[in-house]
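Undergrad: I have a structure I would like to understand better, so I am pasting it below and will then ask my questions one at a time.
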Amino acid sequence: MNSFEQFKGELFNSLDSNLIKSPPYSHLFGKGQSHPKQHPIKISISSSSSPPPPPGTNKWYTQLILQPNGTEPIYPLPYALAYLNGTSLLSNQSTLPYLGLGISHSTNQQIVYGPPISNQSEEPVKFYLNPLIISFCFSASELNSQNITSNLSYWSELVVHFNITCQNVKGTNHIHIPICRGSAFITLNYLELTPIIRSTLAIINVFQEKELVNDFKKYKIDFNDQSTWLLYSKPNLNGDPNLDLKKMNQNTLIHNLGKWNGIIQIVKMSENYNQSSSNIQRFNEESIYDRGVGVWVDKANISSDSIHSGSYSFNWYSKGPRARFQSPLIFALPHHLEALVEPTKGTEPIILLNSRVTGQMKLLESDKWLFKEDMKLIKKFNILPKNPNHPNLIDLSPDQKVLLTEILIKELEINFESESNLNSYYFAGKKIAKQALQCLTAKYILKDDDLTFICLEKTKKSLLQFSNNTKRIDNQLIYDQTWKGLISSSMFKSGNEHDDFGNGVYNDHHFHFSYFIHAASILVHLDSNFLKEVEVYINNLIRDVNNSSTNDFHFPLFRYFDWFLGHSLATGLVPSLDGKNQESCSEDINFLYSLKTWSEVIKNENLLNLSELQLCILNRSIQNYYLIKDDNLNIPKSFKSNKVPGILFENKSDYTAFFSNQIDAIHMIQVIPITPITPFFRAERFIEEEWNSKISEIAQSLKNGYCTLLFLQYSIINPKLVLHTMMKFLKLKKEIPLDDGLSLSWCFGFIFSQLDENR
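Here the sequence shown stands for residues 1 to 759, where the numbers follow UniProt numbering.
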């Protein structure tokens, strides 16, 4: 495998050209260590002038290479795919275990809904998910649970190559499967194996077309769940026998002519196809797939236009006997369709398939998807505490200035180093970022240079106890030589992979490290001389979470941000039936915002424009899948009024949080942390809808730190109400409870940054 320039263009360059020549410096992160969770892919940096990038730990394909057998499903969409080895949970859905590649897809009617969130039946449901029904298992008669193996021979952001092999058989007997995000066809290339096709569904009908379709034999297969699939086959060599499927029983089709070499392509027909009484409509939909057969995406890359343009593209590189004449058929998600630039071509008729949890996907027919994001608004946001949507700020009154000064002086009495010297990178990062925002408040809201200086010096020391990494007694960051990343050493001492939210298995680094990066940005902004003390440390954190250079072989490319889904995936080396997940869209925003602020202070144009583009893509994804407005068409009606998902898996949306099922926690986790970027993604209309339907009463109670955060974010649309209420609490000498990453001074700093003289 080679890197195939998976990312091309001016945006995708290294943060520091000298830094990428080696792993993170040993004087900062030690000599490196092997990870207890090994993977089967061996990468030697020195063995090739152009080695492959390390496989991703948080990518859509990672479950295929996780211990012990890589048998949890992946979700390239619209299908779910699973390696069935005969012993896994999904393999054992009948008395005879399934072996091979399992394919699953659920219609809207098959979605499973949880109970109402309360005892009242009119309440929205707690969750919805897609059942993992194995519609097809592509296998071979030579395979059994002792000789079946798998490997990943190519991996990238949009395409992987997966192989299922029959060991202990002479020759190279295997099934080669190029897997592309959104692909309408699942393609399998059989080599010297006898195809067997099984299903957990009952096969009602198998119809074989009399004539070849573009040199492919065509079968139409109907199941008892009212679904119809088209199967196309072609031998690798002209003159060889084609696939000859015979129905063995109600769940099995078998090729009767022995070992076979050839291509099989399978595609599911839309719900409209199966519900339509019109033969013409059915014929038209089939005709699109008849035209598109014989083509599959072998590789793909993502390319950028000029760094300021907001333009980028998915470029699909096809193989197959008809690849020279035909563009690939690929389904696009709703947020793709909003940003696509013509002439990306949809099909006629329009074909839609359910994505799983992100709405209906639309079939496109194109070698290139060109996107354009409007960068005007994001460029108005920066490190400063102001809302560009309401730029006419009001000066603090004398009383307000006295109040904020008193609050800040009291907060500065705390020992900042002790406050942040924690064994959790997540909680320590929140503390340091809180301290940095206190400094920002002192400088730009209070405009007090003396208090700014005191705060700045205290926060510098707080951060330095982490950036001087090798001097830490406990919980250093070390370089993992197996999966290529910076992980907490606590897992090696405790043996518990769940320490610090699973930092050691790459859970949530983009959340954890973003607090450090944002804090460092503020400190360098306020004192440029501090850059030399933290630059290497912060740049290495960025390499870990958002490596954008194909020349940096010491970290995976874009560990967290998923360019197809438009948001990050927080789950690392932890297998799950429902795929990877992300709980907090707001901390995802904070991740990219921290990169934007860092790029501003180090004056790196590439990182600045890259992070701004990622923020625009993420914001578009959030508006479609996370912050659910009343007119959202992607989310089922029975779930929509929850307003947020809680935890969004690849296969499930769950109205909860990992740490609590209380409403204040579920909504707070989509708010935290409140920073100058918060008004960018929390649209005023959504805030109003969520406030009126879900959180106004609990937020105004200010009964805990979560409620305070929910109330504080409401100042984006009604700062006077929030200010009045908080001032009233203080006058009555009532304590305002605070989240551990929020200070009272920044509460007022943020409110004052939203006070426009016109409202």
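Where a beta carbon is used, it is the ideal one built from N, C-alpha and C, also for glycine.
Everything numeric in this text was worked out from a predicted model, so none of it was measured.
1) Hey, which unbroken runs of the alpha helix (DSSP H) at 4 residues or more fall wholly within the stretch 496 to 543?
2) Nearest by alpha-carbon distance to N13: which of N546, Y593, W483 is it?
3) Among the candidates N540, L377, S397, whose CA atom is the shortest distance from the CA of P391?
4) Closest Cβ-Cβ distance between H336 and chain D: below 9 Å?
5) Would you mind stating whether W155 and P76 have Cβ atoms separated by less than 9 Å?
6) May I ask you to verify whether the stretch 181 to 188 touches the stretch 206 to 223, counting CB pairs closer than 8 Å and requiring at least 3?
7) Name the DSSP bridge partner or partners of H161?
8) Going by the beta-carbon positions, is the gap between L569 and N581 smaller than 9 Å?
9) When the distance is taken between beta carbons, is S153 closer than 9 Å to I164?
10) What number of angstroms, rounded off, separates the C-alpha of I41 from the C-alpha of Y312?
11) Which whole-angstrom value is the C-beta distance of residue 764 and F466, which I expect to be below 8 Å?
12) What would DSSP say about T228, mapped onto helix, strand or coil?
13) Looking at the unbroken beta strand (DSSP E) that takes in S104, where does it start and where does it end?
14) For a test of the three-state rule: what should DSSP assign to D480, helix, strand or coil?
15) Let me confirm a value: P241 is counted as buried when at least 16 other C-beta atoms fall within 10 Å, else exposed. Which label applies?
16) What does a CB cutoff of less than 7 Å around S48 pick up in its chain, not counting 5 residues either side in sequence?
17) Quick one: measure Cβ to Cβ for V159 and C180, integer angstroms, because I've assumed they're closer than 8 Å.
18) To which residues of the same chain is S46 closer than 8 Å at the C-beta, ignoring the five residues directly before and after it?
19) Would the stretch 65 to 82 count as touching the stretch 338 to 357 if we require 3 or more Cβ pairs under 8 Å?
20) Grouping DSSP H, G and I as helix and E and B as strand, with all else coil, what is I589?
21) Please give the ranges of any beta strand (DSSP E) in the stretch 341 to 425, keeping only runs that are unbroken, at least 3 residues long and fully inside the region.
22) I need the boundaries of the beta strand (DSSP E) containing D215, first residue and last residue.
23) Do you know whose CA, among N382, F223, G262, G239, lies nearest K247's CA?
24) In terms of alpha-carbon separation, which member of S641, N119, I487 lies closest to N469?
25) Keeping to the same chain, check which residues put their C-beta closer than 7 Å to that of G644; ignore five residues upstream and five downstream.
26) Just verifying my parser: in three-state terms, what is the DSSP assignment at K603?
27) Could you spell out the range, first to last residue, of the beta strand (DSSP E) harbouring A300?
28) Who are the near neighbours of D449 in its chain, counting only those whose CB is closer than 7 Å to its CB and skipping five residues on each side?
29) DSSP beta-bridge partners for T252?
30) Check the C-beta distance from I221 over to N609 and give it rounded, since I have them as a contact under 8 Å.
31) Which residues mark the beginning and the end of the alpha helix (DSSP H) in which D244 is found?
32) Spell out the partners DSSP gives A339 in its beta bridges.
33) DSSP three-state label for Y273, please.
34) Taking E338 as the reference, which of N624, K720, S743, H554 has the closest Cα?
35) Which partner residues does W260 have in the DSSP bridge list?
36) Taking the C-alpha atoms as reference points, what is the distance between C455 and I538?
TA: Considering the structure as presented:
1) 499 to 502, 509 to 526
2) Taking the sequence shown and counting its residues from 1, the one referred to as residue 13 is at position 13. Measuring from the Cα of N13, the nearest candidate turns out to be N546.
3) Mapped onto the sequence shown, residue 391 falls at position 391. P391 has its Cα closest to that of L377, out of N540, L377, S397.
4) Included in the structure is just one protein chain, with no chain D present.
5) Within the sequence shown, residue 155 is the residue found at index 155, counting from 1. Within the sequence shown, residue 76 is the residue found at index 76, counting from 1. Contact: no.
6) no
7) Here residue 161 refers to the residue found at position 161 when the sequence shown is read from its first residue. DSSP output for H161 lists Y154, P178 as bridge partner(s).
8) For the purposes of this step, residue 569 is identified with residue 569 of the sequence shown, where counting begins at 1. For the purposes of this step, residue 581 is identified with residue 581 of the sequence shown, where counting begins at 1. Contact: yes.
9) In the sequence shown, the residue the question calls residue 164 occupies position 164. In the sequence shown, the residue the question calls residue 153 occupies position 153. For I164 and S153, no; Cβs fall outside 9 Å.
10) Taking the sequence shown and counting its residues from 1, one reaches residue 41 at position 41. Taking the sequence shown and counting its residues from 1, one reaches residue 312 at position 312. Distance between the alpha carbons of I41 and Y312 is about 30 Å.
11) Missing from the structure shown is residue 764; the chain here goes from 1 to 759 and no further.
12) Taking the sequence shown and counting its residues from 1, one reaches residue 228 at position 228. Note: T228 maps to strand in three-state DSSP.
13) What you label residue 104 is simply residue 104 of the sequence shown in a count that begins at 1. Residues 99 to 104.
14) Mapped onto the sequence shown, residue 480 falls at position 480. Here D480 sits in strand by DSSP.
15) Here the question's residue 241 lines up with position 241 in the sequence shown. That one is exposed.
16) Mapped onto the sequence shown, residue 48 falls at position 48. The predicted model places S48 with a pLDDT of 48, which falls under 50 and marks its position as unreliable; any figure quoted below should be read in that light. Excluding residues within five positions, none has a Cβ falling inside 7 Å.
17) Residue numbering aside, residue 159 sits at position 159 when the sequence shown is read from its first letter. Residue numbering aside, residue 180 sits at position 180 when the sequence shown is read from its first letter. Their Cβ separation, rounded to whole angstroms, is 5 Å, which keeps V159 and C180 in contact under 8 Å.
18) Within the sequence shown, residue 46 is the residue found at index 46, counting from 1. In this predicted model, S46 has a pLDDT of only 47, less than 50, meaning its place in the structure is not dependable enough to derive any value.
19) yes
20) Stepping through the sequence shown from its first residue, residue 589 is reached at position 589. Three-state result, I589: helix.
21) 352 to 354, 360 to 365, 368 to 372
22) For the purposes of this step, residue 215 is identified with residue 215 of the sequence shown, where counting begins at 1. No beta strand (DSSP E) holds D215; DSSP gives it neither H nor E.
23) Reading the sequence shown from its first residue, position 247 is the one you call residue 247. The candidate whose alpha carbon is nearest that of K247 is F223.
24) For this step, residue 469 is matched to residue 469 along the sequence shown. It is I487.
25) Taking the first residue of the sequence shown as 1, we reach residue 644 at position 644. Before going further, note that residue 644 is Val rather than Gly in the sequence given. Same-chain partners within the cutoff: Y626, L627, I628, I666, H667, Q670.
26) Residue numbering aside, residue 603 sits at position 603 when the sequence shown is read from its first letter. Three-state DSSP puts K603 in coil, outside helix and strand.
27) Reading the sequence shown from its first residue, position 300 is the one you call residue 300. First-last of the beta strand (DSSP E) with A300: 296 to 304.
28) Here residue 449 refers to the residue found at position 449 when the sequence shown is read from its first residue. Excluding positions up to five away in sequence, the list is empty.
29) Start at 1 with the first residue of the sequence shown, and residue 252 comes out as number 252. According to DSSP, T252 bridges with R198, N249.
30) Here residue 221 refers to the residue found at position 221 of the sequence shown. Here residue 609 refers to the residue found at position 609 of the sequence shown. In fact, because the Cβ distance is near 48 Å, the residues do not count as touching under 8 Å.
31) Position 244 of the sequence shown holds residue 244. Here D244 belongs to no alpha helix (DSSP H), and DSSP marks it neither H nor E.
32) Position 339 of the sequence shown, counting from 1, holds the residue named residue 339. None, per the DSSP bridge assignment.
33) As a working note, residue 273 is residue 273 in the sequence shown. Of the three classes helix, strand and coil, the one that applies to Y273 here is helix, per DSSP.
34) Residue numbering aside, residue 338 sits at position 338 when the sequence shown is read from its first letter. Cα-wise, what sits closest to E338 is N624.
35) The residue you call residue 260 lines up with position 260 of the sequence shown. The partner list for W260 (beta bridge, DSSP) reads L193.
36) As a position in the sequence shown, residue 455 is number 455, starting the count at 1. As a position in the sequence shown, residue 538 is number 538, starting the count at 1. C455 and I538: Cα-Cα distance of roughly 21 Å.
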